[in-house]
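Undergrad: This is the structure I want to talk about, given as C-alpha cells.
Protein chains: 2
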Amino acid sequence: MQAADPAVRDLFGAMAYGQLVAFSQLAGEARKAPTLREGLALSRLAASELANAELLLQRLEELGFAPEEAMEPFVGPVDAFHERTAPADWAESLVKAYVGEGIAVDFFREISAYVDADSRELVQRVATGTARTEFVVGAVRAAIDRDPRLAGRLALWGRRLMGEALNQAQRVAADRDALASLLVGDGLRPGADLVEVSRMLTRITEAHTRRMDALGLAP
Amino acid sequence: MQAADPAVRDLFGAMAYGQLVAFSQLAGEARKAPTLREGLALSRLAASELANAELLLQRLEELGFAPEEAMEPFVGPVDAFHERTAPADWAESLVKAYVGEGIAVDFFREISAYVDADSRELVQRVATGTARTEFVVGAVRAAIDRDPRLAGRLALWGRRLMGEALNQAQRVAADRDALASLLVGDGLRPGADLVEVSRMLTRITEAHTRRMDALGLAP
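Chains A and B supply the protein sequences, listed in that same order. According to UniProt numbering, the stretch in the first sequence is residues 1 to 219, in order. According to UniProt numbering, the stretch in the second sequence is residues 1 to 219, in order.
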C-alpha cells in the first residue's frame, strides 16, 4: 500500500506548500532588487520553486490524494515561518533565499530516506532543481564588500532563519503523526532511532554552516 | 536593418518589463488568495508572464540588444502604473489580473501591426499565452454573488485601471520617439494616420468593455 502512504502525502504536501509560498515570496521580492539583472535572477529562482511544486502536486494526484488537502495541514507552520522571517531589505531576502531554501531541501532529503524509492527519487529530483540559488552567493558577498557592517546583521539573520525553521519543523512533528512516524517509527515502521535523528540534525546544521561560510558569514 | 530596429527594441523591452513586474506582482498576491486552489491558479498565471518575458528577452539578445538596457526606459511608467493601482483586496487583484493584462495585450498587439513579420509573430505568440486569466471570470462572478455590493467598487476599479494604463501609455509615447514613430510616423516610416490611431483606441476600449462585461461589471 505504498501508493496511499499518508507519510508520503504529508511529505509531498509540506514540500509543495513550502515551494508555493517560496514562489510567491521570492517573486514578490524580486521587485525590490537593486538591478534588473538581480531581479530577473530571483524571479527565475522563484519560478523554479513553482515548477517543483507542480511536480509534487501532480504526483499527489497520481497517488490518489487531493493536492489541496495534502497541503492544508502545512499552511499554518509554513506561513508562520514566513511571517517571522520577513526580510527587512534586499540582502536579507538574498540570504533567506539561499539559506532558507538550503535548510528546507536538506530536511526533506533526509526525511525522504524513509519513504518508498519512487517517492525518494522525486524528492531528490525536486531538491536538486535549486542550483539557481548560486547567484545569491556572489550577490551577498558583493553587498558585504560594499558595506562590511552588513556581515554582522546577516550572520544573526542566518541564525534566526535556522532557529525558526527548527521551531516550525518541531511543530509539524508534533502535529503530524504520519510524518513523525517516519523518524520515530510506529507499529508499521521501524523509523530512525534517536541516535540517527540526532545525526540527521547534525548533518543539517553542518550543511547550514557551510552555506553561511559560502556567503562569508559567521554561522 | 530590421534586426536593429529601435522600435522593436522598445516594444519588446516594454512588454518584457511589464511582464516581469506582472509576474512579481501576481505571484506576490497569490498568497492572499482565499483558497489554495485560487492561489495556485494565480501563481500559474504569474509564471506564464515570466515565461513570456523570457521569450522576449531571448529575442532581444538575438537581435543584438542588451535586455536590461531595452527594459530600463519602461521601469518608470510600468512601476508608476502599479504604484497607482495597488489592489486593496483579493477581488481587486483578480480584476487587475484580467483587465490589466487584457489592456496590455491588446495594446501591444495593435502596435505590433507596424513592426516586421518575425517580431509581430512573437508578439502574437506571447499575447495568446494569457488564456490562463479565464479562471478569473468565474472567481470574480462568484465573489460578486457572495457580496453584490462589490460590483460597484469593482466597476470603478476597472475604469481606474484603464485610465492609468492610458496615462502611462501617453507618457511612454511622449518619451520614446522610436515607439511613437510606429504610430505617428517619422522620416523613415509612414506610421498610422490619426484616423487609424483613433480607431485603434476605439478597438482597445471596446475590448475592455467586453472584458468588464464578462466579469459582470458596468464598463
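Where a beta carbon is used, it is the ideal one built from N, C-alpha and C, also for glycine.
1) Starting from residue 68 of chain A, follow the alpha helix (DSSP H) in both directions and report where the run begins and ends.
2) When you compare the CB positions of residue 36 of chain A and residue 71 of chain B, do they come within less than 8 Å of one another, or not?
3) Which one of A:155, A:26, A:79 and A:8 has the shortest CA to CA distance from residue 17 of chain A?
4) Return the chain-ordered ranges of every alpha helix (DSSP H) run that is complete within the region 82-113 of chain B and spans a minimum of 4 residues.
5) By the criterion of Cβ-Cβ separation under 8 Å, what are the contact partners of residue 21 of chain A in chain B?
6) Do residue 220 of chain A and residue 46 of chain A have their C-beta atoms closer together than 8 Å?
7) Using a Cβ cut-off of 7 Å, pull out every chain C residue sitting near residue 28 of chain A, in sequence order please.
8) Here's the rule I'm using: 16 or more other beta-carbon atoms within 10 Å means buried, otherwise exposed. How should residue 158 of chain B be labelled?
9) Is it right to say residue 97 of chain B is buried, meaning 16 or more other beta carbons lie within 10 angstroms of its own, or is it exposed?
10) Within the chosen definition, does the region 104-112 of chain A reach the region 82-92 of chain A through at least 3 CB pairs nearer than 8 Å?
11) Below 7 Å on C-beta distance, what does residue 71 of chain A contact in chain B?
12) Answer with buried or exposed for residue 9 of chain A, where buried requires no fewer than 16 other C-beta atoms within 10 angstroms of its C-beta.
13) Which residues, in chain order, does the region 92-105 of chain A contribute to contact with chain B at a C-beta distance below 7 Å?
14) Nearest-angstrom Cα distance between residue 160 of chain A and residue 99 of chain A?
15) In three-state DSSP terms, what is residue 205 of chain B?
16) Please confirm whether residue 47 of chain B has its beta-carbon closer than 8 Å to some beta-carbon of chain A.
17) Below 8 Å, can you find three or more Cβ-Cβ pairs linking the region 135-149 of chain A to the region 176-187 of chain A?
18) Do you know offhand how far residue 21 of chain B's Cα is from residue 203 of chain B's?
19) Return the chain-ordered list of same chain residues with a C-beta closer than 8 Å to the C-beta of residue 11 of chain B, the five sequence neighbours on each side being excluded.
20) From residue 195 of chain B to residue 201 of chain B, what does the alpha carbon distance come to, in whole angstroms?
21) Could you give the C-beta distance for residue 84 of chain A and residue 164 of chain A, rounded to a whole number, given that I count them as a contact under 8 Å?
22) What number of angstroms, rounded off, separates the C-alpha of residue 143 of chain B from the C-alpha of residue 39 of chain B?
23) When Cβ atoms are compared, which residues of the region 53-70 of chain A fall closer than 7 Å to chain B?
24) Check the Cβ-Cβ distances between residue 11 of chain B and every residue of chain A, and say whether any is below 8 Å.
25) Should residue 49 of chain B be labelled buried (16 or more other beta-carbon atoms within 10 Å of its own) or exposed?
26) As a quick exercise: from A:117, A:88, A:219 and A:127, pick the residue whose alpha carbon is nearest that of residue 105 of chain A.
27) So what's residue 158 of chain A in DSSP terms, helix, strand or just coil?
28) Measuring CA to CA, which of A:172, A:209, A:5 and A:173 is closest to residue 102 of chain A?
29) Please check if any C-beta of chain B sits within less than 8 Å of the C-beta of residue 154 of chain A.
30) Residues of chain A with CB closer than 7 Å to the CB of residue 50 of chain B, please, in chain order.
31) For a test of the three-state rule: what should DSSP assign to residue 215 of chain A, helix, strand or coil?
32) How many angstroms separate the CA atom of residue 69 of chain B from the CA atom of residue 60 of chain B?
33) When burial is assigned at 16 or more other CB atoms within 10 Å of the CB, is residue 76 of chain B buried or exposed?
34) Determine the direct distance from the alpha carbon of residue 193 of chain B to that of residue 256 of chain B, and round the result to whole angstroms.
35) Leaving out the 5 sequence neighbours to the left and right, which residues in its chain are closer than 6 Å to residue 220 of chain B when beta-carbon positions are compared?
36) Looking at the C-beta of residue 40 of chain A, does it have a partner C-beta in chain B at a distance below 8 Å?
TA: Answer, in terms of the structure:
1) Stepping through the first sequence from its first residue, residue 68 of chain A is reached at position 68. Secondary structure note for residue 68 of chain A: its alpha helix (DSSP H) is the uninterrupted segment 67-71.
2) Residue mapping note: residue 36 of chain A aligns to position 36 of the first sequence, counting from 1. Residue mapping note: residue 71 of chain B aligns to position 71 of the second sequence, counting from 1. In contact: residue 36 of chain A and residue 71 of chain B (Cβ atoms closer than 8 Å).
3) As a first step, residue 17 of chain A must be located in the first sequence, where it is residue number 17. Distance check between residue 17 of chain A and each of A:155, A:26, A:79 and A:8 places A:79 closest, using alpha-carbon atoms only.
4) With a minimum length of 4 residues, the continuous alpha helix (DSSP H) runs that stay inside the region 82-113 of chain B are 90-95 and 101-111.
5) Residue mapping note: residue 21 of chain A aligns to position 21 of the first sequence, counting from 1. Neighbours of residue 21 of chain A in chain B, taken as residues at a C-beta separation under 8 Å, are given in chain order as 31.
6) Since the displayed chain A opens at 1 and closes at 219, residue 220 of chain A lies outside it and no answer follows.
7) Among the chains of the structure shown, chain C does not appear; the protein chains present are A and B.
8) Counting from 1 along the second sequence, the entry for residue 158 of chain B is found at position 158. Label assigned to residue 158 of chain B: buried.
9) Within the second sequence, the letter at position 97 stands for residue 97 of chain B. Residue 97 of chain B should be labelled buried.
10) By the C-beta criterion, the region 104-112 of chain A is judged not to be in contact with the region 82-92 of chain A, since fewer than 3 inter-stretch pairs fall below 8 Å.
11) Translated into positions along the first sequence, residue 71 of chain A becomes position 71. Within chain B, the residues whose beta carbon sits less than 7 Å from that of residue 71 of chain A are 36, listed in sequence order.
12) The residue labelled residue 9 of chain A in the question sits at position 9 within the first sequence. Label assigned to residue 9 of chain A: buried.
13) Within the region 92-105 of chain A, no residue qualifies.
14) As a working mapping, residue 160 of chain A is identified with position 160 in the first sequence. As a working mapping, residue 99 of chain A is identified with position 99 in the first sequence. Between residue 160 of chain A and residue 99 of chain A, the C-alpha separation is close to 11 Å.
15) Locating residue 205 of chain B in the second sequence gives position 205, counting from the first residue. Note: residue 205 of chain B maps to helix in three-state DSSP.
16) Position 47 of the second sequence, counted from the start, is the residue given in the question as residue 47 of chain B. For residue 47 of chain B, a Cβ of chain A is located within less than 8 Å of the residue's own Cβ.
17) Short answer: they don't touch.
18) For the purposes of this step, residue 21 of chain B is identified with residue 21 of the second sequence, where counting begins at 1. For the purposes of this step, residue 203 of chain B is identified with residue 203 of the second sequence, where counting begins at 1. A direct Cα-to-Cα measurement between residue 21 of chain B and residue 203 of chain B gives close to 25 Å.
19) Walking along the second sequence from the start, residue 11 of chain B turns up at place 11. Take residue 11 of chain B, set aside five residues on each side of it, and the residues of its chain with a beta-carbon closer than 8 Å to its own are 108, 111, 112, 115, 119, 123, 179 and 182, in chain order.
20) Sequence index remark: in the second sequence, residue 195 of chain B carries index 195 (1-based). Sequence index remark: in the second sequence, residue 201 of chain B carries index 201 (1-based). Those two C-alpha atoms are separated by around 10 Å.
21) Within the first sequence, residue 84 of chain A is the residue found at index 84, counting from 1. Within the first sequence, residue 164 of chain A is the residue found at index 164, counting from 1. Right, the Cβ-Cβ distance comes to about 5 Å (below 8 Å), so this counts as a contact.
22) For this step, residue 143 of chain B is matched to residue 143 along the second sequence. For this step, residue 39 of chain B is matched to residue 39 along the second sequence. Cα-Cα distance, rounded: 15 Å.
23) 68: these are the residues of the region 53-70 of chain A whose beta carbon lies less than 7 Å from some beta carbon of chain B, given in chain order.
24) Within the second sequence, the letter at position 11 stands for residue 11 of chain B. For residue 11 of chain B, the answer is no, since every Cβ of chain A falls outside 8 Å of its Cβ.
25) The sequence position of residue 49 of chain B within the second sequence is 49, counting from 1. Result: buried.
26) Mapped onto the first sequence, residue 105 of chain A falls at position 105. Ranking A:117, A:88, A:219 and A:127 by Cα distance to residue 105 of chain A puts A:127 first.
27) As a first step, residue 158 of chain A must be located in the first sequence, where it is residue number 158. Residue state, collapsed to three classes: helix.
28) Counted from its first residue, the first sequence places residue 102 of chain A at position 102. Taking residue 102 of chain A as reference, the option from A:172, A:209, A:5 and A:173 with the minimal CA-CA separation is A:209.
29) In the first sequence, counting from the first residue as 1, residue 154 of chain A sits at position 154. Chain B contact via Cβ: absent.
30) Start at 1 with the first residue of the second sequence, and residue 50 of chain B comes out as number 50. Within 7 Å Cβ-Cβ: 43 and 47.
31) Taking the first residue of the first sequence as 1, we reach residue 215 of chain A at position 215. DSSP places residue 215 of chain A in the coil class of the three-state scheme, outside both helix and strand.
32) Translated into the one-based positions of the second sequence, residue 69 of chain B becomes position 69. Translated into the one-based positions of the second sequence, residue 60 of chain B becomes position 60. So the two alpha carbons sit approximately 10 Å from each other.
33) Here residue 76 of chain B corresponds to residue number 76 of the second sequence, with the count starting at 1. It counts as exposed.
34) Coverage of chain B is limited to positions 1 through 219, which leaves residue 256 of chain B absent and any answer about it impossible.
35) Any question about residue 220 of chain B goes unanswered here, given that chain B covers just 1 to 219.
36) In the first sequence, counting from the first residue as 1, residue 40 of chain A sits at position 40. Interface residue, yes.
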